[in-house]
Amino acid sequence: MKRIAVLTSGGDAPGMNAAVRAVVERSLHHGIEVVGAYYGFKGLYEGDFRPLDVATCSHALRRGGTFLYSARFPEFKEPEIQEKAIEQMKAHGIDALVVVGGDGSFTGALKLTQKGFPAIGIPGTIDNDIAGTEYTIGFDTAVNVALDAIDKITDTASSHNRTFIVEVMGRHAGDMASWIGVAAGADAIVIPEEAYDLKAIAETIAANRRAGKDHSLIVLAEGVMTAAQFRKEYEAVSGDDVRDVTLSHIQRGGNPTVRDRVFASLMGAKAVDLLLEGQAGIFLGLKNEQLATFDIVETLTKEKHQVRRDLYELNQGLSAK
Ligand code: ADP
Ligand code: F6P
1 MKRIAVLTSG GDAPGMNAAV RAVVERSLHH GIEVVGAYYG FKGLYEGDFR PLDVATCSHA
61 LRRGGTFLYS ARFPEFKEPE IQEKAIEQMK AHGIDALVVV GGDGSFTGAL KLTQKGFPAI
121 GIPGTIDNDI AGTEYTIGFD TAVNVALDAI DKITDTASSH NRTFIVEVMG RHAGDMASWI
181 GVAAGADAIV IPEEAYDLKA IAETIAANRR AGKDHSLIVL AEGVMTAAQF RKEYEAVSGD
241 DVRDVTLSHI QRGGNPTVRD RVFASLMGAK AVDLLLEGQA GIFLGLKNEQ LATFDIVETL
301 TKEKHQVRRD LYELNQGLSA K
């Protein structure tokens, strides 16, 4: 193993840079060269490889976003494009690839694995929606950023005794909404994995108001519908005058939290160690809070990500009177 490539792909996530930095530092420690494929799989296909070293990574650990840039490159679904990317890597003397990204990016890594090119995945997405692993890099920062915004919304909500619907990201998964909802003390969490009942939500909110709560909060996962649509439905049933807020891409910004930096560092270093041991076709993640490896093909083709139902139930148990 003389030279490896690393890329970031899909939606950027705080802590991606920390993972790249760990891949670079660990590789240098072992005398391996590292190049960054800029703009995700697009850069791989176009051969946009640039050397990475201590200088290029100096501020990586603490910065959000991705300094390797990212791109949505749907063309990578085509086998000829994947083959061209492998040719590019071989032509540039690249022996293995580390992919930092979400489930879409992992499918890209899976395709390269199935074509025989050694690849290792590091989960980097704010959505926490990858099969197998209980954690993805960026999730912790994103939920904390959202919580900070909701704390601010709560100041004005309580001043006017208002109900707010706050739409959070998460694509098709309800993980962000569940964690944020519990942490913010939401009256209701609405996620794609669970059916919702507008009348029951309105009754919960009314009961909490009678019990003395001076504001109300519904945390809505974007995978259900938009906050504006939900507001219309909810106002029709409850008769309340509510406000809706969509936090949107604010949730993808900010310096990564300690948790995201630490796990990104652990995973980046481990990815290099595994490649040196001759392992590939796997991705890293967390199981019971410990670093774990998952077979890319087995996990992505056979398992589905599961939201933590206990958090949803906990919130119902706390909010419903
Ligand atoms: P994320 O990785 O955050 O889930 P996307 O779903 O946009 O984000 O995927 C990121 C990139 O991964 C895509 O732009 C594409 O280049 C690649 N990708 C996604 N799905 C596939 C697929 N089925 N086969 C090959 N590559 C894919
Ligand atoms: O996957 C991360 C994510 O932020 C999702 O939560 C969201 O649905 C999507 O990306 C937004 O994508 P874009 O940045 O392309 O609008």
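Residue numbers (the UniProt record's numbering): 1 to 321. C-beta: ideal position from N, C-alpha, C; glycine also. All values reported here derive from a predicted model rather than from experimental measurement.
Taken atom to atom, the span from the alpha-carbon of D53 to that of F67 is near 13 Å. Relative to Y45, the option among G108, V34, V23 whose CA is nearest is G108. Only exposed fits N288, as fewer than 16 other CB atoms lie within 10 angstroms of its CB.
Annotation for A177: V168, G170, I189, V190, I191, V219, L220, A221 place their beta carbon closer than 8 Å to its own, counting only its chain and skipping 5 residues before and after.
Taking 7 Å as the cut-off, the C-beta of G254 does not count as close to any heavy atom of the ligand F6P. The shortest CA-to-CA distance from Q306 to any of T257, V99, D127 is the one to D127. Remark: the shortest separation between the CB of E222 and any heavy atom of the ligand F6P falls under 7 Å. Put simply, of A207, S265, G121, A227 the residue whose alpha carbon is nearest the alpha carbon of F164 is A227. In the structure shown, K115 falls within a coil segment according to DSSP collapsed to helix, strand and coil.
If you compare the alpha carbons of R261, D48, L247 with that of A91, the shortest gap goes to D48. Boundaries of the alpha helix (DSSP H) around I205: 198 to 210. Scanning its chain for C-beta atoms nearer than 8 Å, with the 5 sequence neighbours on each side dropped, one finds around E303 the residues A131, G132, in chain order. Burial is judged here by how many other beta carbons sit within 10 angstroms of a residue's own beta carbon; T301 has fewer than 16 and is exposed.
Non-local beta-carbon contacts of C57 in its own chain, meaning distances under 6 Å to residues more than five positions away in sequence, involve R21, V24 in chain order.
Across the set G65, V98, I201, the C-alpha of V98 shows the shortest separation from the C-alpha of R26. A Cβ-Cβ contact shorter than 8 Å links A119 with A96.
Between L284 and A271, the C-beta spacing is below 8 Å. In this structure, K302 has its beta carbon at no less than 7 Å from each heavy atom of the ligand ADP. Taking the Cβ atoms as the reference, D187 lies roughly 6 Å from N208, within the contact range of under 8 Å. DSSP places P51 within a strand segment (E or B) once states are collapsed to three.
The Cβ atoms of I81 and M267 lie no closer than 8 Å to each other.
Rounded to whole angstroms, the Cβ separation of T204 and A320 is 5 Å, and the two are in contact under 8 Å. The secondary-structure analysis by DSSP pairs V34 across a beta bridge with I4, L52. Taken from the Cβ of D103, at least one heavy atom of the ligand ADP lies inside 7 Å.
For G223, no beta strand (DSSP E) segment is defined, and its DSSP state is neither H nor E. About 18 Å separates the beta carbons of K42 and A13, which is beyond the 8 Å limit, so they are not a contact pair. Closest option to L217, judged by alpha-carbon separation, among I86, A280, G254, A183: A183. Relative to the ligand ADP, the beta carbon of P74 is positioned inside 7 Å of a heavy atom.
Distance between A149 and G31, taken at the CA atoms: about 44 Å. In the three-state reduction of the DSSP assignment, L284 falls in the strand class. Fully enclosed alpha helix (DSSP H) runs of no fewer than 4 residues occupy 227 to 238 of the region 225 to 265, in order along the chain.
Of the heavy atoms belonging to the ligand F6P, none sits nearer than 7 Å to the Cβ of I122. Under DSSP, S216 forms a beta bridge with T163. In the three-state reduction of the DSSP assignment, L314 falls in the helix class.
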